[in-house]
Ligand code: ME8
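In the working numbering, the protein residues as written are 9 to 512.
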């Protein structure tokens with residue numbers, strides 16, 4: 009069982025902001041889930057370096073050595089993902105030799121297929137999007153995303169015969185209802201392919217930064233035609249065919265809604281031309297605003313995810329983003345909302361339940377909490393089975409907030425169970441029943457830690473440490489069984505979610 013998941017590769021004309029971290033956290037959550045389920049996971053992210061906007065940023069900042077600037081920037085992004093605990097298996101840079109080799113190999117296949125031809129292109133180009141725009145795409149003459157007037161470009165270019173694949177793409181989308189997620193995006197793509205998906209210029213004449221066209225070195229390959237191929241070169245295409253055969257096709261491409269057309273039209277058409285399998289699923293997440301405003305450099309509101317995590321902790325930020333914004337929808341990032349959810353759901357919910365159970369368990373004389381054949385045991389096991397069903401369904405259907413909601417339901421169930429059984433009273437009267445009741449509660453806590461792991465890996469480890477259990481490294485599928493691990497040496501330790509310090 010393999011699982012290959014990717015994020016977009018990001019432009020590095022600036023630092024990562026919370027939007028990039030969001031896409032990367034989403035992919036990391038899926039990767040951790042599939043590892044926990046025992047799959048052989050490959051999780052790829054990287055940097056998109058052959059873009060004019062990177063080159064412009066380098067020049068603006070006074071770097072004449074573009075590659076040096078890109079090396080520094082890419083290193084900064086890699087450090088950020090490390091600091092944020094992202095578990096990518098590799099990191100692909102489009103200026104790497106292994107990527108260049110793969111792109112050249114891919115280009116040759118498409119060329120041999122007869123899908124490349126030379127022509128003249130005249131059109132409006134937006135460097136922000138790195139794409140040609142139609143008049144109908146513009147709002148008041150400006151690119152709707154970058155609020156800039158596109159340039160009028162006329163060049164001799166090489167074209168990719170994308171229109172040849174229109175029918176095959178529509179058929180693929182029709183037959184594979186899972187291919188484009190969420191389904192609400194399907195119609196948008198189908199209409200785009202039917203009405204606007206034309207042959208596309210895939211080389212640029214007047215740009216000097218990029219991968220040279222193998223058949224004409226006066227031109228460089230269009231940045232998207234080059235960037236999309238990262239999903240192949242990151243797993244060995246052109247440099248390790250065995251690795252490539254093990255992981256391709258991708259099981260899930262996580263992308264933002266801004267780039268879904270590239271991933272659901274151009275990319276599959278390129279793959280059809282090269283005779284490669286199509287990815288199983290492309291999921292477009294929504295965009296979010298910051299405190300009600302678009303993330304923008306000029307407003308200076310682009311939140312640095314590393315700084316945010318230094319204040320609240322990585323898990324809290326992961327939790328907030330995935331709970332607050334239903335995957336696929338748009339949302340707003342508000343620090344007040346984050347603090348609210350911290351207090352009401354993490355400190356009062358999970359944190360309070362954890363310390364309640366551990367305080368009681370510490371008071372109890374038992375050191376090992378054994379299984380007990382009492383009716384409540386079955387009821388609790390059923391509550392866990394229900395949660396597992398909803399949790400797995402959340403991942404399979406890409407509705408992660410539902411998986412999180414199911415974990416909350418289990419904690420609420422367990423809290424009610426404490427109130428009903430009053431273990432603090434049992435401890436005074438009947439130690440045996442107290443141990444049985446507490447052993448169920450501790451098992452519920454252990455289960456909660458496993459279900460939480462993909463979302464809040466550090467919190468999961470902290471709970472497990474308090475239960476005398478090892479951390480989760482890779483395959484934890486067996487641990488998901490009811491009472492699969494022996495809980496011992498229980499210790500309460502400090503609160504998982506202490507009160508937030510007042511902001512200066
Ligand atoms: O498009 N809210 O790179 P990019 C949520 N290099 N997500 C956001 C966001 C926001 N406000 N802003 C950005 C590119 N993102 C290309 C991709 S892939 C072969 C090439 C996230 O640096 C979102 O996932 O502009 C979006 O698709 C991605 O960052 C774009 O990153």
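Glycine included, C-beta positions come from ideal geometry on N, C-alpha and C.
Taking only the alpha-carbon atoms, compute the straight-line gap between residue i and residue j and give it to the nearest angstrom.
i           : j           : result
residue 349 : residue 468 : 18 Å
residue 274 : residue 407 : 26 Å
residue 301 : residue 40  : 32 Å
residue 75  : residue 135 : 19 Å
residue 385 : residue 340 : 41 Å
residue 500 : residue 371 : 10 Å
residue 70  : residue 361 : 54 Å
residue 225 : residue 214 : 12 Å
residue 451 : residue 473 : 14 Å
residue 217 : residue 59  : 8 Å
residue 123 : residue 61  : 28 Å
residue 186 : residue 428 : 44 Å
residue 444 : residue 390 : 17 Å
residue 329 : residue 457 : 19 Å
residue 258 : residue 282 : 16 Å
residue 246 : residue 109 : 6 Å
residue 495 : residue 280 : 52 Å
residue 506 : residue 355 : 7 Å
residue 143 : residue 133 : 11 Å
residue 432 : residue 392 : 24 Å
residue 248 : residue 440 : 60 Å
Which residue marks the beginning of the beta strand (DSSP E) containing residue i, and which one marks its end?
i           : result
residue 103 : Element bounds for residue 103: n/a, residue is neither H nor E.
residue 56  : 48-56
residue 171 : Here residue 171 belongs to no beta strand (DSSP E), and DSSP marks it neither H nor E.
residue 139 : 139-141
residue 311 : Neither: residue 311 is in no beta strand (DSSP E) and is coded neither H nor E.
residue 16  : 10-19
residue 277 : Careful: residue 277 lies outside any beta strand (DSSP E), inside the alpha helix (DSSP H) at 275-282.
residue 285 : Note, residue 285: premise wrong, no beta strand (DSSP E); not H, not E.
Taking a contact to mean a Cβ-Cβ separation below 9 Å, would you say residue i touches residue j in this structure?
i           : j           : result
residue 231 : residue 394 : no
residue 434 : residue 455 : no
residue 107 : residue 116 : no
residue 368 : residue 475 : no
residue 336 : residue 192 : yes
residue 129 : residue 159 : no
residue 322 : residue 92  : yes
residue 127 : residue 166 : yes
Nearest CA to the CA of residue i: which residue from the options?
i           : options               : result
residue 241 : 103, 411 and 387      : 103
residue 23  : 158, 311 and 289      : 311
residue 145 : 498, 200 and 222      : 200
residue 353 : 331, 338, 339 and 335 : 331
residue 338 : 27, 9, 18 and 21      : 27
residue 509 : 369, 452, 347 and 51  : 347
residue 237 : 363, 485 and 112      : 112
residue 366 : 409, 426, 197 and 399 : 426
residue 96  : 50, 388 and 137       : 50
residue 99  : 343, 387 and 243      : 243
residue 155 : 172, 479, 167 and 137 : 137
residue 430 : 442, 421, 478 and 89  : 442
residue 10  : 20, 47 and 169        : 47
residue 461 : 447, 245 and 326      : 326
residue 447 : 478, 405, 219 and 490 : 490
residue 31  : 211, 296 and 309      : 296
residue 343 : 212, 440, 317 and 334 : 317
residue 52  : 109, 439, 256 and 249 : 256
residue 493 : 478, 383 and 143      : 478
Can you tell me where the alpha helix (DSSP H) with residue i in it begins and where it stops?
i           : result
residue 391 : 383-404
residue 348 : 343-349
residue 235 : 231-236
residue 325 : 322-332
residue 261 : No alpha helix (DSSP H) holds residue 261; the beta strand (DSSP E) holding it covers 260-264.
residue 413 : 408-429
Of all Cβ atoms in chain D, is any one closer than 9 Å to the Cβ of residue i?
i           : result
residue 133 : The chain inventory of the structure shown lacks chain D, comprising one protein chain alone.
Going by the C-beta, is residue i closer than 8 Å to any heavy atom of the ligand NAD?
i           : result
residue 265 : Looking at this structure, you won't find the ligand NAD anywhere; what it does contain is the ligand ME8.
For the pair the segment 203-217 and the segment 171-191, tell me if three or more CB-CB distances fall below 8 Å.
yes
Is there contact here, the segment 281-297 with the segment 255-264, by at least three beta-carbon pairs under 8 Å?
yes
Please confirm if the segment 28-39 is in contact with the segment 10-20, defined as three or more CB-CB distances below 8 Å between the two stretches.
yes
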